[in-house]
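Down below is the structure, laid out as structure tokens.
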Amino acid sequence: MRLLLLLSAGMAWAQPFPGTLPLTRTGDLSREMLREMDAYLTRAGVAARDVVLTPGEVGERIGVRDARVRFAEPELKPLRKTATHEVFSARWPVVEGVEAEGWVYKPVRAATSCWIALHAVGAPGARELVMVPSRIGVVPVGKGRHPQREHLYRMAYPAGRHVLGFEVQKVLAAVDYCVGRGLAVRVTGHGEGGLVALYSTFVDERIGSAVAGGLRGLAENGWQEPLEHNLWKIAARPVSARVKLEPEAVAPEAGPVATEREFGQWVEFCQKLMRQAERRRGEFWAKADLSSPAAWARTRGPYLEHYEQEIIGKIATVPGVPRVETRRIYDTVDYTGYEVYVPLDGAVFGYGVLLVPKSLKPGERRPLVVAQHGLEGRPQDLIAPLDAQAAQTYGRFAARLAERGFVVYAPQNPYIHGVNFRVLQRKANPLGLTLYSFIVAQHKKTLDWLETLPMVDKERIGFYGLSYGGRTAMMVPPVEPRYKVVICSGNFNEWTWKIASNEVPFSYLWTQETEMFDFNLGNTFGHYELVAMMGGRAFMVERGHSDGVGIDEWVSYEYAKVRRLYANWNWGERTRIEYFQGPHQIWGVGTFAFLHEQLRWP
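Here numbering that gives the first Met the number 0 is used: the first residue of the sequence shown is 0, the next is one more, and so on.
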């Protein structure tokens with residue numbers, strides 16, 4: 000009897016929010032969320048292997064975008080002679096500022112064909128010109144101690160380039176030379192070099208034939224491989240009748256490895272792309288009419304489509320208001336709190352905590368604030384944190400907002416459990432998806448439900464996030480217009496510099512994060528452009544002077560563009576920035592006042 004009474008009391012305590020199903024699922028729902036997302040991507044990955052891409056699409060997605068430098072002859076230094084060839088160390092131009100290095104075998108007699116080998120060569124044909132480009136190595140570099148290839152990937156990917164594309168460009172520069180001399184071209188490679196041979200041949204029909212060996216496993220389960228194997232919207236290796244695959248081939252002796260000189264040239268090439276990114280964004284936005292909110296509304300469509308399809312990726316969800324499951328987990332003097340389970344599509348779901356003020360009057364509708372945690376955080380950290388670090392970082396800001404009378408929802412974002420969520424990004428990118436494909440879908444379906452609640456005024460919904468939650472504040476509202484007020488804390492920045500600069504210690508170039516790099520984002524949407532995509536909704540930045548994610552100068556530089564845009568629209572009162580003397584944390588002073596003012600509460 001005592002056990003039945005205890006069970007009955009527990010069931011009464013965990014009663015659902017009115018109008019929802021009871022949430023009876025147990026265990027860590029954040030882990031279950033990631034497992035279901037992983038299963039979704041696995042299923043989608045199988046289907047995506049049948050997608051056929053054109054050479055132009057593949058070339059663009061591996062970053063073969065830059066004009067190559069034409070040259071009459073490579074720069075040669077003698078090494079040795081054989082009966083049929085003179086062997087040289089060589090350099091030849093690739094793109095502006097970068098020279099390939101390697102070996103050249105010049106036949107004694109006039110050449111009749113050209114062989115580009117991505118490995119050491121044995122005995123070439125007597126009249127075969129052989130060019131052996133060096134390969135970028137894996138020596139750890141810089142503060143992050145990432146391999147050279149990954150170091151270049153981190154700088155190149157946000158600029159719409161790729162270390163694979165750099166290797167292909169070196170091959171194609173050699174092809175330019177050989178074709179210019181009227182020579183038929185073949186390419187061979189093994190392992191990593193086999194990938195370069197395969198992609199080079201697929202994107203350039205001037206290569207008559209190729210042999211790619213040792214590719215078993217490479218680029219089929221890329222998420223298990225080094226970071227630089229990550230490709231955007233290429234879910235399977237391209238197929239060409241001109242390429243012979245030899246998966247069991249014995250690996251030949253390795254060819255030359257790029258010197259520090261060549262590696263340094265590629266680094267500077269990427270840094271130049273970073274410095275030019277603001278200008279490239281200006282070119283990308285040339286057809287946007289930002290002269291007035293109405294003009295921008297007329298021209299925004301193509302930019303929204305590009306952002307959804309080419310930057311974050313879009314997944315389909317079941318239409319209509321979801322059948323939400325809830326259970327009560329908090330009951331304080333000021334509010335009642337409920338865990339919330341929101342189905343998206345099949346087994347994929349969103350999860351979070353809803354706080355409902357007890358001061359609500361019958362029939363009253365109030366503003367809703369979505370409060371977002373940061374990396375490795377949980378909704379509970381914003382309400383009743385269990386450790387001192389979370390208490391200091393978040394300052395219970397979700398609970399404090401509920402105590403002020405706001406309806407509050409704190410979602411669980413999937414950037415939790417370390418490598419597990421980073422694997423999701425690796426699996427998603429080849430499908431043209433990202434973590435934000437799921438996050439956007441979660442926010443949309445959750446808002447579909449929240450705006451039906453009798454106490455929520457759907458015209459007064461705000462978003463306030465810190466750190467990774469601040470990044471969510473930048474990435475989600477451009478495609479979710481129901482967020483009328485947006486506050487970015489501890490994230491707003493000159494984002495391309497933050498991602499790719501090799502001159503500052505707080506760049507993501509040096510960190511453990513592998514998921515921060517979005518393909519070609521630097522040339523399309525910086526933080527100013529993301530705010531512009533929000534279409535003039537109220538926007539605020541919260542910045543601690545000693546916040547290590549950046550420096551005030553960068554934040555101020557980027558925010559000045561936002562302030563100018565709002566001033567041009569005569570909406571200066573809709574934007575604000577607050578600096579405070581403190582670290583990476585919620586300050587909750589000017590931002591709280593901004594929420595009260597812009598959401599008209601009380």
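Using N, Cα and C, we set each Cβ at its ideal position, and we do this for glycine too. In this text the structure is predicted, and so the values were computed from the model without any measurement.
Throw me the rounded Cβ distance for the residue i and residue j pair, which I believe falls under 8 Å.
i, j, result
"D344", "V369", "Not quite, the Cβ-Cβ distance comes to about 21 Å (not below 8 Å), so this is no contact."
"Y623", "F524", "Examination of residue 623 is not possible in this model, given that the chain is present from 0 through 601 alone."
"Q411", "P378", "6 Å"
"R481", "K457", "7 Å"
"R153", "L508", "5 Å"
"S199", "V170", "4 Å"
"V238", "I206", "Contact doesn't hold; Cβ gap of about 15 Å is too wide."
"A531", "L289", "7 Å"
"V339", "V352", "7 Å"
"L367", "V320", "The Cβ separation is near 16 Å, so there is no contact."
"M36", "F437", "6 Å"
"I585", "G394", "5 Å"
"L606", "G44", "As shown, the chain starts at 0 and ends at 601. That puts residue 606 outside it, with no answer to give."
DSSP beta-bridge partners for residue i?
i, result
"T325", "P21 and V339"
"N198", "Going by the sequence as given, residue 198 is Tyr instead of Asn. Answer by DSSP bridge pairing: none, since Y198 is not bridged."
"G618", "Nothing can be reported for residue 618, as the shown portion of the chain is limited to 0 through 601."
"D333", "In the DSSP output, where bridge partners are listed per residue, D333 has none listed."
"R67", "V94"
"A183", "S112"
"D344", "V347"
"L75", "A89"
"I206", "V184"
"V256", "R134"
Can you say whether residue i is buried or exposed, counting buried as having 16 or more other CB atoms within 10 angstroms of its CB?
i, result
"E247", "exposed"
"L594", "buried"
"G362", "exposed"
"R470", "buried"
"L5", "Caution applies to L5, whose pLDDT of 29 falls short of 50 and renders its modelled position unreliable; the value that the coordinates give is listed next. It is exposed - the Cβ of L5 has fewer than 16 other Cβ atoms within 10 Å."
"D386", "exposed"
"A409", "buried"
"N522", "buried"
"E627", "Any question about residue 627 goes unanswered here, given that the chain covers just 0 to 601."
"P21", "exposed"
"A8", "With a pLDDT of 43 at A8, under the threshold of 50, the modelled position of this residue cannot be trusted; read the value that follows with caution. A8 comes out exposed."
"T325", "buried"
"L214", "buried"
"Q168", "buried"
"Q14", "exposed"
"S291", "exposed"
"G96", "exposed"
"N519", "buried"
"V484", "buried"
"G221", "buried"
"L446", "buried"
"R1", "Any reading at R1 is ruled out, since the residue's pLDDT is 33, under 50, leaving its predicted position unreliable."
"V162", "buried"
"E149", "buried"
"T433", "buried"
Counting along the chain, where does the beta strand (DSSP E) carrying residue i start and finish?
i, result
"S112", "S112 to A116"
"A370", "R365 to Q371"
"P356", "V347 to P356"
Can you tell me where the alpha helix (DSSP H) holding residue i begins and where it ends?
i, result
"V162", "V162 to G179"
"Y586", "Checking the displayed sequence, the identity of residue 586 turns out to be Trp instead of Tyr. Counting along the chain, W586 falls outside any alpha helix (DSSP H), and DSSP gives it neither H nor E."
"V45", "L28 to A47"
"P601", "It is not in any alpha helix (DSSP H) - P601 carries neither H nor E in the DSSP assignment."
"E261", "E259 to F283"
"I498", "W494 to A499"
"W305", "Inspection of the sequence shows that residue 305 is occupied by His rather than by Trp. Run containing H305: G300 to H305, per the alpha helix (DSSP H) assignment."
"T392", "A387 to Y393"
"L520", "Element bounds for L520: n/a, residue is neither H nor E."
"R236", "Unbroken run through R236: none, as it is neither H nor E."
"P54", "P54 to R60"
"A397", "F396 to E402"
Compute every distance between the C-beta of residue i and the non-hydrogen atoms of the ligand NAP, then say whether any falls below 8 Å.
i, result
"S291", "Absence of the ligand NAP is noted for the structure shown, with no ligands found whatsoever."
Item checked: Runs of beta strand (DSSP E) lying entirely within the segment 407–488, each at least 3 residues, in chain order -> 455–465 and 484–488
Checklist line | Uninterrupted beta strand (DSSP E) stretches inside the segment 81–165 (no shorter than 3 residues) | finding: Complete beta strand (DSSP E) runs here, min 3: 84–92, 98–106, 112–116 and 127–132.
Check: Fully enclosed by the segment 526–583, which beta strand (DSSP E) runs are 3 residues long or longer?
Finding: 537–543 and 574–579
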